[in-house]
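Protein chains in written order, with this note's numbering: chain R, 423 to 699; chain C, 423 to 699; chain F, 766 to 1080; chain W, 766 to 1080.
The beta carbon of each residue, even a glycine, is placed where N, CA and C say it ideally should be.
Keep in mind the model is a prediction, meaning the values are calculated, not measured.
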Amino acid sequence: MAWFRKSARQRHETLDEDLWTICPSCKVHTYKQEWQAGLKVCPKCNYHERIGCMERRDLLVDSGTWREYAGHVTTSDPLNFSDAKGPYSEKAAAAKAKTGLSESVLTGDGKINGIPVSFAIMDFSFLGGSLSGGAGEKITLTAEHAGRHRWPFIIISASGGARMHEGIVSLMQMAKTCAAIARLNELDVPYISILTDPTTGGVSASFAMMGDINIAEPRALIGFAGRRVIEETIKQKLPDDFQTAEYLLEHGFIDHIVARKDMKEFLHRVLQYSQKH
Amino acid sequence: MAWFRKSARQRHETLDEDLWTICPSCKVHTYKQEWQAGLKVCPKCNYHERIGCMERRDLLVDSGTWREYAGHVTTSDPLNFSDAKGPYSEKAAAAKAKTGLSESVLTGDGKINGIPVSFAIMDFSFLGGSLSGGAGEKITLTAEHAGRHRWPFIIISASGGARMHEGIVSLMQMAKTCAAIARLNELDVPYISILTDPTTGGVSASFAMMGDINIAEPRALIGFAGRRVIEETIKQKLPDDFQTAEYLLEHGFIDHIVARKDMKEFLHRVLQYSQKH
Amino acid sequence: MDLDFEKPLEAIEQRIAELKALNNRADVNFDTEIAALERKLQTASKRVYAKLTPWETVQIARHAERPLLRDYIQGLCSEFIELHGDRCFGDDQGIIGGFATLRDQRVMLIGHQKGKTIEEKIKANFGMASPDGYRKAMRLMHLAAKYKLPIVSFIDTPGAYPGFEAEARGQAEAIARNLTEMSLLPVPVVVIVTGEGGSGGAIGIGVGNVVLMLSNAVYSVISPEGCASILWRDGSKAPLAASALKITAAALQEQGVIDEIILEPEGGAHRNPAAAINATGDAIVEQLRRLKKISSKRLIEQRYEKFSKIGRFKK
Amino acid sequence: MDLDFEKPLEAIEQRIAELKALNNRADVNFDTEIAALERKLQTASKRVYAKLTPWETVQIARHAERPLLRDYIQGLCSEFIELHGDRCFGDDQGIIGGFATLRDQRVMLIGHQKGKTIEEKIKANFGMASPDGYRKAMRLMHLAAKYKLPIVSFIDTPGAYPGFEAEARGQAEAIARNLTEMSLLPVPVVVIVTGEGGSGGAIGIGVGNVVLMLSNAVYSVISPEGCASILWRDGSKAPLAASALKITAAALQEQGVIDEIILEPEGGAHRNPAAAINATGDAIVEQLRRLKKISSKRLIEQRYEKFSKIGRFKK
Ligand SMILES: [Zn+2]
Ligand SMILES: [Zn+2]
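Shown next, in the form of structure tokens:
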């Protein structure tokens, strides 16, 4: 849930000259243009920078096939919530203005090399990709839509967890979205989960973990409880690789770690096994 | 599978005077009559001596309600097997003569405080309770019979594992009996597994572990691989309580440990939850 | 063990006790004084509990003498056959469950266990369940489905256990699986939030056809302390966060999450556990009677609709 | 690395190699001699392999150069997408699996992995799977059921891993659950015993609609060594036990356990892996084509009947 506390690993430093990107992981300098062309993945150490939902969509969906779904759903403020920094409604409005998104998740349909698929793509830059009533609603509506069309459903998670500004409504989205996934299972409609950096809290403990196939980006942070909370609980330091995609692969929760540039091709290969044979 | 190697713990010493039973576990002397009246359970340390299928039946089934089922099935000798001690057929004949049983399992129907139930009750004294083609057949036929009548099915295991003298046929009984249990699950027919000393090898790795509820007698030996094999594999001594009922309870594989004298009442209580409400 | 806002009541109670001890000794009679004090106590009590702040409610929900799962079982069930194990790794004590006869109803009862004594608390991890706890709960719920038994789930947890092993063995996966599979259970599921409904650890056994809640229980996406330290950067602002999060029964009923509030006796469940337990029993049995008339198919649909509606977008 | 009974063949082979090396050097020609020796090799070879004892077959089944799962995948599959993890504890390497395109067939492929190099062998525990391996396999088989993919299961294991942790985490439960749940799979299940079919560890992924077996593979309730040390009280009597247990493909086909024997090239699969792999591919594809025409309901029934018949009592 602590999506606004950026860890050192994820904080970027850029040179003033706007020419270089310094990899936050290995500190290597890469030409900004090259960094962009490399899909914001460090050519040296394979560090995958966070990217937005639009970029993800463009990486995965066949050009010209995207149609947004449930785009009318936007943030609500069920609690009329305010905190030290002011009203949640203002914070949400600012996030909308900054990102151009209506919620922390973009939903719609498109094709992957010709195969029709429904998508829910989370965006960490919208309030830390937090799961709100609106986000849960978009995911659920899109899952139901995928079910009606018998289209495979893909969720790309990037989230610090539930959006506490919406209180219990945000917590309930875990149950709501999982129920929608359960219905897809009943219909034998494929559901693939892609876990990107970070996928934590209530998002890891709901739809993100329930893919027929769980795919992660390299070194993505994936976990339920926060690192600091665990260290306080057990009174000792955690291993460095704890809660990384690689750690989860080894512990049985991830099927495959796939680099960003290979993701579309990998999805296409996998989806072929879920089509009529 | 090494059912004929009696461990020290299970070897009994009786005094010549036929008056006392010495508990193999705590060495306390108990009058034979008292030992019998106590259902062959040590009054001092709760050690549960192995008992035969007839004794078990009489402890559990309402008087006068027992009807044997599949009693015509007896041992076969599919391999025409002989070992150092001679032909398997002779060994089987001797076991039949000694025990008065046709196989290592007694199958039939009876009532538990008025509730009709189908039973398969293994007997360790018949070739170590080993799972043979005949035993698997009896269990499977009785499971099917229970399914047709929608009667709860109870298996009481006491077995060193598969009967190697029947080769692959004995191994296949693991799959055969589990398939019969799967059908009971499909029919929502209750299946309760009672694991007594010992339940090991292929019996532990098939029907014995698949109860809706797994019940064990105190301190029963329950495990897949033999203790010595494991110690040889890992090159270290195992903890004393390893593969005991209590160990399995703690590790999540047993629902309840129930003393012999309480078993019928416990089953009756549990069965009421599986009846129409 | 009284809470700060209960101090005035405590003073009156103490005075009553003193007078009762003296009463009729040495021919002095205090009946009139005692009656007056008792009236005063009642009035004061009404005043205090009528205007509890959310933060005060949190204190009551966590009160050391508040009835726990074992008290409900003892008070309501003529029989409880505990079933153990997740068939995979262990037998967590943070969640327990088994067959129960609750009043006249045979059910599968599951719930968080916090523990009374310090040994029990440690064994149960103070009600913070591990993956094996959630997996055991799900196994028992599938068994209930096979036996066509209604499920009664008692929620009282600070949250799922944030430990190293719990994380390594899939705390996230275990909760996610429960949320998914509970949604398809073909039997009635009655959930009762009796104390603390702590986030994912609570909802992990909380997908019910109805969700009941005791009047002084709380149910929240994050603890007030956690929320305060994140959004106010100051843990001591927990009372503020408790208000902002709207975590009391009444607020949650307004949000459509809670279907029915079980009124605690005056002064809270810890002042009269028997009455609280009894009221809880009444509410559960009423729901069971109603839900048992509904078909499996409709139960699944209704549960789906209940959660679908939460956060439904209206424009 | 030749086996004892292969020594005579080895001698002839060596002589042929020598002659070939000398051939046409210094104007000497050995063509006639070479041709004669090759005829001799063929005859000797036929003689040796036509009357292999069961114990010799065991040696071949365990031969270090016998093709392993990865060889079959490489030889038969244009694509293999390995899927990982049991969603509970780990990602055992003793059993692996994933989506595969075997010839023209999309399938869920699973199987025991023994490993080629010593590192691989250690990682895969020499093909002895742990509970997480069996649970991973079952997860993938359920996924195959959802995606309506046939399942192809390759058996080659000395047995399930008899380790402390494997036992503590439910080796018995994991195998039992697979036996139970495999019996209800609504898709075709083709099982192939390619090398060692070691007891419970083998049947744990072996409940198929058809069970194929390579001609020099073995499948047994216990290893010959184990059987000998128990029933003969002498491990060196393994050859005797191997005979008595009737563990060769032909004997097992007679017993109704094996549906089809895949003929290995002369000298065994290790002398011509490509041919063995190819024959295996042919057999699998033929079975898949046949089974894919059968309804789910009938597949489940047929699988049940297949195993029911084994040990069926006749009098
Ligand atoms: Zn880098
Ligand atoms: Zn004793």
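The region 672 to 684 of chain C makes contact with the region 850 to 870 of chain F; the number of CB pairs closer than 8 Å reaches 3 or more.
Taking non-hydrogen atoms of ligand 1 into account, the C-beta of W/Val955 is found less than 6 Å away from none of them. Chain-order list of chain F residues neighbouring R/Val591: Gln1020, Ile1075 and Gly1076, by C-beta distance under 7 Å. For F/Phe770, same chain residues with a beta-carbon under 7 Å away, outside a window of 5 residues either side, are Val813 and Glu821 in chain order. For the region 905 to 925 of chain W, residues whose beta-carbon sits nearer than 7 Å to a beta-carbon of chain R comprise Leu908, Lys911, Tyr912, Lys913 and Leu914. The beta carbon of C/Ala557 lies closer than 6 Å to those of Glu525, Ser526 and Val527 in the same chain, with the five residues before and after it left out. Exposure of F/Asp792 is indicated by the presence of fewer than 16 other C-beta atoms within 10 angstroms of its C-beta. The nearest non-hydrogen atom of ligand 2 is 6 Å or more from the C-beta of C/Lys454. According to DSSP, R/Asn636 shares a beta bridge with R/Ser615.
Contact annotation: the region 1029 to 1036 of chain F does not touch the region 853 to 861 of chain F, with fewer than three C-beta pairs closer than 8 Å. Distance from the CA atom of R/Ala515 to the CA atom of R/Thr521, rounded to whole angstroms, is 10 Å. With fewer than 16 other Cβ atoms inside 10 Å of its own Cβ, C/Cys448 counts as exposed.
Among the residues of the region 658 to 682 of chain C, those with a Cβ less than 7 Å away from any Cβ of chain F are Leu671, Glu672, His673, Gly674, Phe675, Ile676, Asp677 and His678, in the order of the chain.
Proximity of the beta carbon of C/Val463 to ligand 2 is not indicated: no heavy atom of the ligand is located closer than 6 Å.
DSSP, reduced to helix, strand and coil, places W/Ala941 within a helical segment of the structure shown. When the alpha-carbon of W/Gly840 is set against those of W/Arg868, W/Pro819, W/Tyr926 and W/Thr818, the nearest one is in W/Arg868.
Counting along the chain, the unbroken alpha helix (DSSP H) around R/Val651 starts and ends at Arg649 to Ile656.
Residue pairing by DSSP puts W/Leu874 in a beta bridge opposite W/Gly863 and W/Val917. Sixteen is the threshold: since fewer than 16 other Cβ atoms of the shown chains lie within 10 Å of the Cβ of R/Tyr453, the residue is exposed. Between the alpha carbons of W/Gly960 and W/Asp836 lies a gap of roughly 13 Å. With a cutoff of 7 Å on beta-carbon distance, F/Ile1049 and F/Val954 are scored as not near each other. Closest in C-alpha terms to C/Gly550, from the list C/Leu501, C/His451 and C/Gly474, comes C/Gly474. Counting only the Cα atoms, C/His690 lies some 8 Å from C/Ile537. No Cβ-Cβ contact shorter than 7 Å links C/Val495 with W/Gly1076. Contact note: R/Pro612 reaches chain W through Lys911 and Tyr912, using a C-beta cutoff of 9 Å and chain order.
Collapsing the DSSP output to three states places W/Gly960 in a strand.
R/Cys467 has no beta-bridge partner at all, per DSSP. Look at the beta carbons and you see the region 907 to 922 of chain W not touching the region 565 to 577 of chain C: under three pairs across the two are nearer than 8 Å. For R/Leu482, same chain residues with a beta-carbon under 6 Å away, outside a window of 5 residues either side, are Lys686 in chain order. Looking at W/Glu1031, W/Glu1019 and W/Gln1052, the one whose alpha-carbon comes closest to that of W/Leu774 is W/Glu1031. With fewer than three CB-CB distances shorter than 8 Å, the region 983 to 998 of chain W does not count as touching the region 792 to 812 of chain W.
A distance below 6 Å between beta-carbons, with the five flanking residues on each side excluded, links F/Gly880 to the following residues of its chain, in chain order: Lys886 and Ala889. Distance between W/Ala894 and F/Leu905, taken at the CA atoms: about 28 Å. Apart from sequence neighbours up to five positions away, no residue of its chain approaches F/Arg790 with a beta-carbon distance below 8 Å. In terms of side-chain proximity, the C-beta atom of C/Cys600 is found no nearer than 6 Å to any non-hydrogen atom of ligand 1. If you ignore the 5 residues before and after R/Ala542, its C-beta comes within less than 6 Å of the C-beta of Val527, Thr529, Ile561, Thr564 and Ile577, all in its own chain and listed in chain order.
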